[in-house]
């Protein structure tokens, strides 16, 4: 089943629920089976990552949004402020993982194939080569604590950059002009069951299942 895109509300699984009609979000389907990314990423990791971790972010995000709605209705400014951290963390976790699943693709379906076309040319221009980009992202990902490393497109400057965000902060927290083309999850839950504490091995192998076609489509869509 194709994963919903983030370009429209329904792609994040937005629905109306509750007595007050508060908007809630649902866990998106994966566009491949849990074991389809093996041996780069084990099926067990994918199942837990999707069904447990991402699902928990969605549940807690919805709960925080419901509490926010109640706090606003009551005029409770302190509660509104208090809820912002939960909304940022869990909402960011939902946004980031919804992108992450689309950034991956089984090898049998073209995962890991180098980018072509306009994105490929832009990578060569901004980083020198795809190999140099991967090396830079791996270096940033190895240094980052719990968080994410991104290939970002600056919508204003029209250039590419490598960015990192801590915890579950989405890329937009670093600037509304930055659009995520590719995000790599470097939280331990993304790799520990398979790679233990050797994050560099995870970062080396994840590129074997990166969906560069999706990244290229996002690049061209944003610049259109």
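Numbering (the numbering used here), first residue to last: 234 to 457. Just so you know, even glycine gets a beta-carbon here, dropped at the ideal spot from N, CA and C. Fair warning: this is a prediction, and the values are worked out from it, not measured in the lab.
Item                                                                                                                         : Value
Helix, strand or coil at residue 261 according to DSSP, with G and I counted as helix                                        : coil
Residue 439 vs residue 383 beta-carbon contact at 9 Å                                                                        : no
Whole beta strand (DSSP E) elements within the stretch 357 to 411, 3-residue minimum                                         : 380 to 387 and 393 to 399
Beta-bridge pairing of residue 433 - partner residues as DSSP gives them                                                     : DSSP, once it has assigned bridges, lists no residue as partnering residue 433.
Alpha-carbon to alpha-carbon, residue 361 and residue 386                                                                    : 16 Å
Exposure label - residue 391; buried when at least 16 CB within 10 Å                                                         : exposed
Residue 427 - containing alpha helix (DSSP H), residue span                                                                  : 425 to 428
Span of the alpha helix (DSSP H) around residue 288                                                                          : 288 to 307
Neighbourhood of residue 299 by C-beta distance below 6 Å, restricted to the same chain and skipping five residues each side : 255
Any chain B beta carbon closer than 9 Å to residue 427                                                                       : No chain B appears in this structure, which consists of one protein chain only.
Helix, strand or coil at residue 325 [DSSP, three-state]                                                                     : helix
Sequence-distant residues of the same chain with beta carbon closer than 6 Å to residue 275, five excluded per side          : 427
Terminal residues of the alpha helix (DSSP H) in which residue 267 lies                                                      : Neither: residue 267 is in no alpha helix (DSSP H) and is coded neither H nor E.
Of the listed residues 433, 273 and 449, nearest to residue 393 (C-alpha basis)                                              : 449
DSSP-derived helix/strand/coil call for residue 256                                                                          : strand
Buried versus exposed, by CB contacts within 10 Å (16 or more), residue 379                                                  : exposed
For residue 314 and residue 365, the rounded distance between their alpha carbons                                            : 42 Å
Environment of residue 316 [buried if 16+ CB atoms lie within 10 Å]                                                          : buried
Same chain, Cβ closer than 8 Å to residue 336, five either side skipped, listed in chain order                               : 415, 416, 417, 443, 444, 447 and 448
Burial state of residue 285, where buried means 16 or more other Cβ atoms lie within 10 Å                                    : exposed
Coarse secondary structure for residue 343, derived from DSSP in three states                                                : coil
Closest by C-alpha distance to residue 328, when choosing among 381, 344, 454 and 457                                        : 381
Residue range of the unbroken alpha helix (DSSP H) whose run includes residue 454                                            : 445 to 456
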